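Trainee: The structure follows.
4 protein chains.
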Amino acid sequence: MAEMPPAHPFDDDKLKEECGVYGVIGVADAANFVALGLHALQHRGQEAGGIVSYESETGFNSARRFGYVRDNFTKASLMETLPGHLAIGHVRYSTAGSKGQTAIRDVQPFFGEFSMGGAALAHNGNIVNAEALRRELIDHGSIFQSSSDSECIIHLMARSFQKTIPERMKDALRRVEGAFSIVAMTRTKLIGVRDPLGVRPLVLGRIGDGWALSSETCALDIIGATFVREIEPGEMVVISAGNGVESFRPFQHASSRFCIFEHVYFSRPDSILGGRSVYETRRQIGVELAREAPVEADLVCPVPDSGTPAAIGFSHESGIPYGMGIIRNQYVGRTFIEPTEQIRNMGVRLKLNVNRALIAGKRVVLVDDSVVRGTTSQKIKEMILDAGAAEVHFRIASPPTAWPCFYGVDTPEKEKLLASRMSEEEMRDHLGVDSLRFVSLDGLYRAAGEAGGRTPGCPQYCDACFSGDYPVAPADMIEKGFKLKAAE
Amino acid sequence: MAEMPPAHPFDDDKLKEECGVYGVIGVADAANFVALGLHALQHRGQEAGGIVSYESETGFNSARRFGYVRDNFTKASLMETLPGHLAIGHVRYSTAGSKGQTAIRDVQPFFGEFSMGGAALAHNGNIVNAEALRRELIDHGSIFQSSSDSECIIHLMARSFQKTIPERMKDALRRVEGAFSIVAMTRTKLIGVRDPLGVRPLVLGRIGDGWALSSETCALDIIGATFVREIEPGEMVVISAGNGVESFRPFQHASSRFCIFEHVYFSRPDSILGGRSVYETRRQIGVELAREAPVEADLVCPVPDSGTPAAIGFSHESGIPYGMGIIRNQYVGRTFIEPTEQIRNMGVRLKLNVNRALIAGKRVVLVDDSVVRGTTSQKIKEMILDAGAAEVHFRIASPPTAWPCFYGVDTPEKEKLLASRMSEEEMRDHLGVDSLRFVSLDGLYRAAGEAGGRTPGCPQYCDACFSGDYPVAPADMIEKGFKLKAAE
Amino acid sequence: MAEMPPAHPFDDDKLKEECGVYGVIGVADAANFVALGLHALQHRGQEAGGIVSYESETGFNSARRFGYVRDNFTKASLMETLPGHLAIGHVRYSTAGSKGQTAIRDVQPFFGEFSMGGAALAHNGNIVNAEALRRELIDHGSIFQSSSDSECIIHLMARSFQKTIPERMKDALRRVEGAFSIVAMTRTKLIGVRDPLGVRPLVLGRIGDGWALSSETCALDIIGATFVREIEPGEMVVISAGNGVESFRPFQHASSRFCIFEHVYFSRPDSILGGRSVYETRRQIGVELAREAPVEADLVCPVPDSGTPAAIGFSHESGIPYGMGIIRNQYVGRTFIEPTEQIRNMGVRLKLNVNRALIAGKRVVLVDDSVVRGTTSQKIKEMILDAGAAEVHFRIASPPTAWPCFYGVDTPEKEKLLASRMSEEEMRDHLGVDSLRFVSLDGLYRAAGEAGGRTPGCPQYCDACFSGDYPVAPADMIEKGFKLKAAE
Amino acid sequence: MAEMPPAHPFDDDKLKEECGVYGVIGVADAANFVALGLHALQHRGQEAGGIVSYESETGFNSARRFGYVRDNFTKASLMETLPGHLAIGHVRYSTAGSKGQTAIRDVQPFFGEFSMGGAALAHNGNIVNAEALRRELIDHGSIFQSSSDSECIIHLMARSFQKTIPERMKDALRRVEGAFSIVAMTRTKLIGVRDPLGVRPLVLGRIGDGWALSSETCALDIIGATFVREIEPGEMVVISAGNGVESFRPFQHASSRFCIFEHVYFSRPDSILGGRSVYETRRQIGVELAREAPVEADLVCPVPDSGTPAAIGFSHESGIPYGMGIIRNQYVGRTFIEPTEQIRNMGVRLKLNVNRALIAGKRVVLVDDSVVRGTTSQKIKEMILDAGAAEVHFRIASPPTAWPCFYGVDTPEKEKLLASRMSEEEMRDHLGVDSLRFVSLDGLYRAAGEAGGRTPGCPQYCDACFSGDYPVAPADMIEKGFKLKAAE
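Protein chains in written order, with UniProt numbering: chain A, 1 to 488; chain B, 1 to 488; chain C, 1 to 488; chain D, 1 to 488.
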């Protein structure tokens, strides 16, 4: 089974988005478009992917595979098994525990056969009361097939007394707490929903006479679809040939709390989030950093590839020349399979090499997007000093990550987050660099378009990973002993 | 069988290096080091790779595989079959014709059993009189197993009357015309040779008590070896435990003619060639371009990834801001397998997306490393204009490529090279851009460290692909009807 | 995905058993014993197999694979994932419709997590009211994961109000109509059940301090277990470390109706059914045939391999010499994969060849076990005549197969059964042989040990495929329009 | 890579034929016919197979694979790469040493490109002076690619001064000592040769307007070809569209010495060898055995499957009933892959089971084809006694195997052959059976059609494995210290 490869060379020390969702209705061979969309969303989940399509003659068809979209959903022999004008898909990253061949059952979309017909569903986000719901459902005779929190939604739908699938989905989602952007389908309808806070993104596009739903706009571009609008927080859209796009508001109103880390790292730089270019926001974070934390230096280097836009902004604002001080090996998209002991120990050198001729003797500003455990920051520092750098200054394009995410991002336990245990000064000493500075939370909000910075008490974004301010109480985790900030 | 993926998103329209070679002696599990070295040389050949090792108990062992080094030569089960303190390896790209599973016989290193023992050999370059030699050898009873030009060397060695393998190799190489950097091994010796003109690179490194030979210095870095020196043009080194590095000069002296395209595109930016940083040379080409071909514009964008250093240089010299106008999908390291028709037609969009928010309304300078057929330059232009660019100016970090290479680079036939049929002005019209400029041959030489530019009549580099000035007559090709410049 | 190969060279024209079940408790590495047992039961299902084991540390583990047991469940890497002292398994053949990679979900054992813990279940037989049950369960909110009739049992168990899994299983099975021999397990118990009529076999064996349940005794032999007794029709046994074998009678009493075709073809000749050797019963059928339908001839030939015992009996009783007139290619255990058109057309010749030297000029009696569609009987006749046989006499070791089975055997639709459309005489003409005779139903019963033949009105066996006398009304099929004999 | 499975359940204790050869000319898609022929010859070699075809447009094409013919050469995608009206093929078994993936180079047919064009060659037999020839060829500059003795022939052909390939082949074969049946091809000719003694079989068949060469007649039957005649010992046939079948006699005349073990075990029972049915010869050996070594008993059982014809003959002659006392598992065509330790220890039980009900209390005659090491005879005896047999009498359908074969059969070293160390009486004691008798050498000759038995001094067959009378001195082995009978 193919091992899954993250985009970032130090991916062991990055937060990971857990999912991307996609759906298309009203075009021939819809599954092919979904495959393309999922390919463009691959950065949101590399472990596995799945597609379900519907066609009247053969009914619902599905294929779920471990590995990259490009290695599975491009084979004509597979795609021919997914006919029809309506299809949805999902890419997923998951925690190590449930990885492996037996977990193909955990790969979405999930499917349920109800008395009024079948429905398939793909979910990006995380349900924070999933364990309580699961216990309740099992007590009443539901049989779970996966270890996924998302499967609850299907079982809740199965037990609803409503007569249509969209109504059953509303019933089910009202029981669910947490973050969710969902793409679902019946035999005739494509459905999109975002939770009341709109934590995860979901956008609507137009492709010919049909429609597409996608986690990000970059996946509309790839199929030649035009971006129409974002699905609103708390909105459900039901799209069909007959009625076009119908909009519903099944939930109580709440203030939007979009995930600010989508701007910092998760989303692709060529996507548009909330009307803003992700690239431009990241470049602007570099500008803010250069203002907040200037330094005398000879060279600004990005940590490839995610630090690049902020490094360009920092260089531009500071006037310090920009250069590629760290070169990435193009052939490490996929991690080494069954690596020998010797190769595992090579670690960073397999992925990166320092451009010695450029670095030697220089005072270097290294721009990275975040510090999670801090392990790789340390290795990079060593490589740079070995190559003869005179000084090393870290500039981080996000505030210190001190709290875990419970809304669909794979974060280490709180104790493993460097910033949960150390002050900025302690981190500088720990990493042994000449200086270490993070952009401020206000600086980050300004870069993301909030000229006045963060509104205290009523922040415009979910920034729980930086602030510990969780907009939805993580019920299952609290039951297991997690302490909220107020409770510490 | 895995399809092979080039690094560059428009690889169909790039010249391709055909090989990388590597060897290690004097360290335990030498094959593991060779695997790492080949991984670092993967950009020089992605189709297949092979390693041969020697150990007294099991003799010579070999493994040859299609696909990436990281996907094959990292499995403990395979590497255990390659024991010993001495090993060599090869990565290869080849033309479409001989691709496929049956051509595993074409994958190097090649091996021959002679009366005094066995020898293995890996070759980077091209033998221009291989077909004549092959006919002669077959007439005398040699049986060829591959379609590779390099196999001639083994057969010439088998027929030599010399008593040692290094002497037989000298005998054989004196019959051979063309470009070659060779790494070979006997049961006790590691051997490196460069042809008299030194067209292809080969460097020597020290690793612990042992030695390494490599096409490029970046592959010394990955194993922690220190760079000692380049193997000289026309030099043969024979390295053994007892005698260290012995140097021989088996060929008539000739002036060095190192391939200047190694600086422009083939070698990795973090390698050192002829004492110069490849990254710095490329950045300097951008500086030269900005001087030779200035333009009023708002943004300098590299065509990712190979145009990046020159774009940085151009931006720095011109003062025009640098930005990522084209975003590359990180998950297209490997080409789509068995792509459906629809996906094949997507072409560029699978690999690149335009950063619309950055491009829209701007006058854009696009910096690319070369123009071969021109097909992808055209697609990129279209994407940029579709995204709303006000003007598009191409700046190319090499002179027009008008002649095929016969020294180990896969080039299209002469007629397919855009620059062989059109002037710079015609190319500009053909591509439909606002301006198109190539760096001059003198500018390129200056960037590569020759302050006085190209010395006419006695150029410091092989630049046949730009100038048509072939330092070794391509005998087999001339027999097949190829016309030299003088003969046109 | 490997295509699965039946044992019989003309398997397209044979009835097929759909399942074998096996379970072991009380021995270390129980899954290894289950693998061996399933290997010995491979003739009962070749498409796929699955094993579930339980161990306190890792909980329930499962592996389900397409293909032969020997090709999957013999790999140390897989078997190590199935630890524990308790395991059950299943081999399965299925109809073409649900074949293919997506149907791995249809491979048993099935697993359900209940509030009191998990249970796994493997089923041999067929539930005749499965579709009605399925509709009812879906109406109440159950989500089905497979297209298998057996999944109903798990959902019925999930909805039971009983507090223990054995009690829930009793609840569930009382709702189920049809034929079932079930092996199931909880965390601590191995459970075996046979339906009230005992249509499918299930036997109990002792292995060291532990116990085994198996469809046939031959699969006790392979692990060195001793045969203890058959599970009785309508009996449920619950086996645990603490309480040994406990016996329950959850169903209303009914007269036993064991499947007589198990004697004729399905079971292995070295198994013991109802106290009788299958080999001996088959040999005795040949004796009965020789008495009922004597013929003057020179040679008795079995149609390999299933006709062999009856041919030996026929030869012995008639005094006509026995010989191998048809030679089977040993290497057709597995069907040709992706066969070219030409090879598909070769059909029989890939599998069998006539022993011309033996056949030529002789009057040949061909003994086969059954005639289903008659297609292969015809091909064999042609081969025999082409080889120069003087006469061809078919003797069939079962009565005419005129009715489909609804109790776990894959039969063609009624119209495709040759004997449903033709009299014995018409079949003889259709096949173009010199004579064709089937053993009588009474002769078959005598050979199976019923000295007085079949008891009319109260037959000792289920012989519905010959008589149309169905002991349980096939509810789902009747709803779809199937006509019982009385209704014709 | 798939492990290869022999047909016989105790194959570790059997002599193994090392090859089968096949060729077809003059029919469209010749490679498909070759694949069918090789499938029918699979019993002669299960490790690997290869096919070479020729077509004017694409030239020579070849495919060589480990594993069964049916698993490789039935895929349309592969067979399409082997176009043309002329093709040859080879199946092979080889000794353990050179097994594994790297030895694909040892898989025939071998191919050589000569100045007058290419030729491919497949060889059944063994060259007894191959090592001396190999040393000589290497000294003169030949490069060997395999460890196969057969490759010498190609190199000898390459060095011949003759102008045509058939003449070069004659030149080469005159240098070669040992046993060979060869099928070869040029661009226009199919060539067949047998060594002067005719040790291995080779037959000619007619298929439509074309011709086939095959090791055995059973492989003519499978493609619907008619048997024309055997290639004579010492004959070379050259078959072409223009000239039909031309016959040559390149070697000195010698008396024929066909391998008598082909009758005993290697060839398929449905083949015709030297005008005699193999089945009939084997049955007749059983008759001879019953006459030479009668015994009072209740049951004659074959050891499946190769002992069956002799058991039928023994039963017929002795009047003792024939029965299937040992049942073979149909699903052990392929050996267990990566078997767990536990499964490896199961040994015989995976493959065979005793039919207890038949055996219990009976005096049993077990008929087997040969005794090699005696290891499995012992295990079978134990199974039979465990099942309650009253007496066990072994009757062996060949004389004691006391000498290794050097003519293309894989035999253990002399010391490992039970009969080289023990008398018949000692073997009986060693095996612990009630009686053990082998057919006499004269009895074997009589059964094979030589009414007068073996002609001393001038035997009609090669029977070296029984008699130690080697018709060609095994030169390489003698050099390594092997002692002939006279020298003992």
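Each residue gets a CB set at the ideal place from its N, CA and C atoms; glycine is no exception.
A quick note: this is a predicted structure, and the numbers were derived from the prediction, not measured.
1. Expressed to the nearest angstrom, what Euclidean distance is found between the alpha-carbon atoms of Gly-323/C and Pro-309/D?
2. Does the distance from the CB of Lys-395/B to the CB of Leu-289/B come in under 9 Å?
3. Is there at least one Cβ from chain D nearer than 9 Å to Ile-320/C's Cβ?
4. Name the DSSP beta bridge partners of Lys-189/C, please?
5. Let me confirm a value: Asn-72/D is counted as buried when at least 16 other C-beta atoms fall within 10 Å, else exposed. Which label applies?
6. Is it a yes or a no for the region 110-128 of chain B touching the region 109-129 of chain D, going by three-plus beta-carbon pairs under 8 Å?
7. State the DSSP-derived secondary structure class of Ile-104/C, mapped to helix, strand or coil.
8. With a cut-off of 8 Å on the beta carbons, I'd call Ile-207/A and Ala-225/A a contact; round off their distance for me.
9. For His-393/A and chain C, any beta-carbon pair shorter than 9 Å?
10. Would you call Asp-386/D buried or exposed, if buried means 16 or more other Cβ atoms sit within 10 Å of its Cβ?
11. Taking the alpha-carbon positions, what's the Ala-451/B to Ser-315/B distance?
12. List, from N- to C-terminal side, the alpha helix (DSSP H) runs of 4 residues or more that fit wholly inside the region 354-379 of chain B.
13. Considering only residues of the same chain and omitting the five flanking positions on each side of Asp-11/D, which have a CB-CB separation below 6 Å?
14. When you compare the CB of Gln-101/C with every CB in chain D, is at least one pair closer than 9 Å?
15. Along chain A, which residues have their Cβ under 8 Å away from the Cβ of residue 564/B?
16. Run through DSSP, which three-state label would Arg-174/C get?
17. Using a Cβ-Cβ cutoff of less than 6 Å, which residues in the same chain neighbour Val-348/C once the five nearest sequence positions on both sides are dropped?
18. How many whole angstroms separate the CB atoms of Leu-173/B and Ile-191/B, which I take to be in contact at a CB cut-off of 8 Å?
19. Residue ranges of each alpha helix (DSSP H) run of no fewer than 4 residues wholly in the region 393-424 of chain D, ordered along the chain?
20. Three or more C-beta pairs closer than 8 Å, one from the region 354-370 of chain C and one from the region 267-280 of chain C: is that the case here?
21. Could you name each continuous alpha helix (DSSP H) segment of 4 residues or more that falls completely within the region 44-94 of chain B, going from the start of the chain to the end?
22. Along the region 277-308 of chain B, where does the CB come closer than 9 Å to a CB of chain A? Name the residues.
23. Would you list, in chain order, the members of the region 378-402 of chain C that have their beta-carbon closer than 7 Å to a beta-carbon of chain G?
24. From what residue to what residue does the alpha helix (DSSP H) around Glu-479/C run?
25. Which residues of chain D have a Cβ atom closer than 8 Å to the Cβ of Asp-139/B, listed in chain order?
26. Return no unless some Cβ of chain D is closer than 9 Å to the Cβ of Arg-135/B.
27. By the three-class DSSP mapping on this structure, what secondary structure does Ser-277/A have?
28. Could you tell me whether any Cβ in chain C is nearer than 9 Å to the Cβ of Ser-148/A?
29. Give, in chain order, every residue of the region 155-170 of chain C whose Cβ lies closer than 7 Å to some Cβ of chain A.
30. On the DSSP letters alone, give me the boundaries of the alpha helix (DSSP H) that Cys-19/D sits inside.
Mentor: Reading it off the structure:
1. 8 Å
2. It should be noted that the sequence gives Arg, not Lys, for residue 395/B. Yes, they are a contact pair.
3. no
4. Ser-240/C
5. buried
6. No contact exists between the region 110-128 of chain B and the region 109-129 of chain D.
7. It is helical.
8. 4 Å
9. no
10. exposed
11. 22 Å
12. If you keep only unbroken alpha helix (DSSP H) runs of at least 4 residues inside the region 354-379 of chain B, you get 356-359.
13. Legend: pLDDT at Asp-11/D = 44, less than 50; position of this residue unreliable, no value from coordinates given.
14. Confidence in Gln-101/C is poor, its pLDDT being 39 and thus under 50, which makes the residue's placement unreliable; the coordinate value appears in the next sentence. Judged by the 9 Å Cβ criterion, Gln-101/C is not in contact with chain D.
15. This structure gives no information on residue 564/B, because the portion of chain B shown stretches from 1 to 488.
16. helix
17. Lys-379
18. Actually they do not touch by this definition, with Cβ atoms about 11 Å apart.
19. Counting only unbroken stretches of 4 or more residues, the alpha helix (DSSP H) elements lying wholly within the region 393-424 of chain D are 418-421, in sequence order.
20. Flag = no, the region 354-370 of chain C and the region 267-280 of chain C do not touch.
21. Fully enclosed alpha helix (DSSP H) runs of 4 or longer: 69-72, 76-79.
22. Ser-277, Val-278, Tyr-279, Glu-280, Arg-283, Asp-305, Thr-308
23. Here the protein chains are A, B, C and D, and chain G is not one of them.
24. 475-479
25. Ser-115
26. yes
27. Assigned with DSSP and collapsed to three states, Ser-277/A falls in strand.
28. no
29. His-155, Ala-158, Arg-159
30. Element bounds for Cys-19/D: not the alpha helix (DSSP H) but the beta strand (DSSP E), 19-25.
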